[in-house]
Every structure is written in C-alpha cells, then in structure tokens.
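Take a look at the structure set out below.
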Amino acid sequence: MRVIVAGGAGFLGSHLIEKLLEADHEVTCLDNFYTGSPRNISQFQSNPRFSFIETDVSEKFHILGNVDTIFNLACPASPVHYQRNPVETIKTNIFGSFNLLELALQKNAKILQASTSEVYGDPLISPQVEAYWGNVNPIGIRACYDEGKRASETLFFDFHRQYNVDIRVARIFNTYGPRMDLDDGRVVSNFIVQALKGLDITIYGDGEQTRSFCYVDELIDGLMRLMFLSNDSTGPINLGNPVEFTMLELAQIIMEITNSKSKIKFEPLPHDDPKQRRPDITKAQQLLMWNPTINLRDGIGKTVEDFRERMKP
10 MRVIVAGGAG FLGSHLIEKL LEADHEVTCL DNFYTGSPRN ISQFQSNPRF SFIETDVSEK
70 FHILGNVDTI FNLACPASPV HYQRNPVETI KTNIFGSFNL LELALQKNAK ILQASTSEVY
130 GDPLISPQVE AYWGNVNPIG IRACYDEGKR ASETLFFDFH RQYNVDIRVA RIFNTYGPRM
190 DLDDGRVVSN FIVQALKGLD ITIYGDGEQT RSFCYVDELI DGLMRLMFLS NDSTGPINLG
250 NPVEFTMLEL AQIIMEITNS KSKIKFEPLP HDDPKQRRPD ITKAQQLLMW NPTINLRDGI
310 GKTVEDFRER MKP
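Plus 9 on top of the position in the sequence shown (first one is 1) and you've got the working numbering.
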C-alpha cells in the first residue's frame with residue numbers, strides 16, 4: 010500500500026514509519042519540523058519506498074498519485090510544545106484534519122486520526138471508557154490541544170457520516186520510548202534527563218496524581234491493527250497501558266534504573282493538569298486482539314539507554 014504519515018518526523022510518527030517500511034509499504038512522510046526532527050527520519054532516506062515532503066498540513070498541499078491509507082499524527086503532543094504557540098496548535102488540529110480528510114475523500118483512502126486521552130480532560134470517572142464525554146475546560150491553557158483534538162474527532166465523524174470516508178479514531182494515552190525529545194516537557198523525558206544529570210526531579214503537586222504509560226512499540230502495533238482492521242470499526246478506541254502509576258512511583262523507578270542521586274522537589278500543580286488517567290481498553294482487546302504487556306521497568310530501561318546515548322557530549 011501507499012501510506013501517508015502526517016507528522017512522520019515526530020516521536021510516534023518515526024516509529025510508525027519504521028514498522029510500515031518493515032511491512033513493505035510505500036511511505037510518504039509529511040512534516041514541517043515544528044516539533045519533529047530530521048534525525049528521526051534520516052535512517053529512512055536511503056529506502057526507495059520512503060519519500061518526504063516538507064509541508065504544513067494546516068495549509069493547502071497536493072499529493073500526486075494514488076493513496077491507500079493516511080495516518081494523521083500531525084500535532085505537538087506535549088504541553089511545553091503545544092502551549093508555545095496555542096493558535097498554531099489548534100490550527101493544526103482543525104485545518105490539518107480538514108485538509109487530510111479532503112485528501113482521503115479525493116483519493117478514496119482510509120484515514121486514521123491519532124487522537125488523545127486529553128479529550129477526557131480531568132476525568133470524573135476512572136478508568137476512562139470511550140463513551141465518556143470528558144471534563145474539559147474549553148478556555149484553559151490546555152484547551153488548544155484538548156479541544157483541538159475534540160474538534161478534529163468531530164470533523165472525522167462528520168466526514169464519515171456526510172461523505173462516507175473510511176475513518177479510524179484512536180485515543181492515545183501516555184506513550185514513551187526511544188526518540189522522545191529530550192526537552193519535550195513530558196514527565197518521562199523530564200524525569201530521565203533530570204536523573205541522568207543529577208538534577209532535582211521536579212514533581213508537580215503531591216506526586217499522587219496518576220498516569221498509565223504504554224511503550225511506543227506496543228502503541229504503534231495498536232495503531233496499525235486499528236488501521237488495517239478488516240471490518241468498518243471507526244472507533245474511537247482507547248490505546249494505552251491500563252496499569253496505573255503515581256508520579257512518585259515513576260520518579261522512584263527512574264532513579265533506580267539510572268542509579269541517580271537526584272532528590273525529589275515538589276512544585277505547584279499546573280492549571281487543568283489531570284489528576285488521574287487510566288484507559289479502559291476492553292474495545293481494543295476485543296476488536297484488535299491488542300493487549301500491552303511490556304512492563305514499565307523494562308520500557309524505561311530501553312528509554313534510558315537511548316537518552317544516555319543522545320546526551321553524550
């Protein structure tokens with residue numbers, strides 16, 4: 010198949026491209042390097058089935074030839090990045106989704122939206138099921154991402170209902186692994202960098218807020234299973250590891266793996282930061298036969314090795 014990966018030079022996108030090429034697909038990567046990196050896709054440049062187009066998907070663009078499937082991963086995904094330019098973030102979510110859906114309609118292609126657990130906001134129920142409508146502050150500092158992703162889901166389902174576009178919507182929970190940006194502001198990368206440098210590990214709030222962490226290889230497997238599912242299941246489908254950890258537990262695991270002498274420093278909790286995040290993955294288990302099994306210690310160990318290598322002077 011010919012596959013378009015929007016946001017392919019990012020953390021998730023580059024891992025997805027790697028697996029698609031291993032499966033003998035032809036892959037075209039779209040990225041403007043707002044948060045993606047040329048380094049992430051440099052390994053693919055010599056592959057004759059890989060091509061790259063530098064473009065901003067929120068602006069009009071053209072793709073020549075046939076297209077079979079489209080993955081939309083084009084959006085900053087960490088608070089540091091999406092709050093740096095909130096207007097650009099929501100523009101990417103809405104206009105980018107619209108342009109890619111237009112492409113899917115034009116090419117009669119199947120399209121997957123990489124949505125997020127952030128559509129649930131600061132949830133009032135746990136674990137979060139797909140039928141839950143969420144608890145999102147529409148005017149808060151995170152809304153450019155949270156509401157942007159909610160609006161993009163709306164566009165996907167409206168294109169499906171109105172134009173019969175074949176869609177898939179995945180709600181991705183916290184994912185980690187090699188190639189994460191060293192300075193992306195996400196808790197795993199923050200803690201690893203601080204631990205390796207011997208700096209204080211910064212925990213916001215009392216450290217009892219929770220997240221569920223999924224290793225990147227398993228998340229990519231879930232995305233590909235959803236995209237290439239033979240039936241017409243649109244989703245949304247939660248993809249994440251349902252095992253829950255507090256921020257204190259995560260910090261302690263990273264300190265043990267890195268053998269760090271760092272101390273823990275507590276700072277005030279940012280506005281609208283969710284207190285609990287845990288997916289109900291019943292749908293993914295039943296429809297995709299997908300169930301993450303890599304435990305956090307093993308996954309963090311692989312991630313630390315990657316960070317050590319990239320942090321060498």
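Glycine is no exception: its CB is placed at the ideal position from the N, C-alpha and C atoms.
For residue i, three-class secondary structure by DSSP
i       : result
Gly-130 : strand
Thr-78  : strand
Tyr-91  : helix
Leu-73  : coil
Ile-290 : coil
Ile-120 : strand
Phe-107 : helix
Ser-198 : helix
Gly-207 : coil
Bridge-paired residues (DSSP) for residue i
i       : result
Thr-37  : Ile-13 and Ser-60
Glu-276 : Tyr-213
Tyr-185 : Tyr-224
8 Å contact criterion, which residue i and residue j should meet: CB distance rounded
i       : j       : result
Thr-44  : Gly-19  : 6 Å
Pro-95  : Phe-182 : Contact flag wrong, Cβ pair sits at about 22 Å.
Ala-83  : Leu-39  : 7 Å
Ile-290 : Gly-249 : 7 Å
Gln-261 : Ser-135 : Wrong, their Cβ atoms sit about 22 Å apart, outside the cutoff.
Asp-226 : Gly-186 : 7 Å
Close-in-space but distant-in-sequence residues of the same chain around residue i (CB under 8 Å, 5 per side omitted)
i       : result
Asp-192 : Val-89, Ser-198 and Val-202
Leu-259 : Val-196, Val-197, Phe-200, Arg-220, Phe-222 and Leu-305
Leu-121 : Thr-78, Ile-79, Phe-80, Asn-81, Ile-176, Arg-177, Val-178, Ala-179, Leu-232, Leu-235 and Met-236
Glu-162 : Gln-122, Ser-124, Val-128, Val-178 and Pro-245
Lys-158 : Cys-84, Asn-102, Ser-124, Thr-125, Glu-127 and Val-128
Residues near residue i by beta carbon distance below 7 Å, same chain, minus five either side
i       : result
Asn-41  : Glu-63, Thr-64 and Asp-65
Phe-53  : Ile-26, Leu-30 and Phe-59
Leu-208 : Ser-271
Lys-69  : Asn-108
Pro-147 : Glu-156
7 Å Cβ cutoff, residue i in contact with chain C
i       : result
Asp-193 : Reference to chain C is not applicable here, since this structure consists of a single protein chain.
Close beta carbons around residue i, own chain, < 6 Å, minus the five adjacent residues each side
i       : result
Leu-296 : Ser-242
Pro-283 : Asp-131
Which runs of the beta strand (DSSP E) fall wholly inside the stretch 209 to 258 and span at least 3 residues, in chain order?
-> 210 to 213, 219 to 221, 246 to 248 and 253 to 255
Complete alpha helix (DSSP H) runs within the stretch 123 to 183 (minimum length 4 residues, chain order) = 152 to 172
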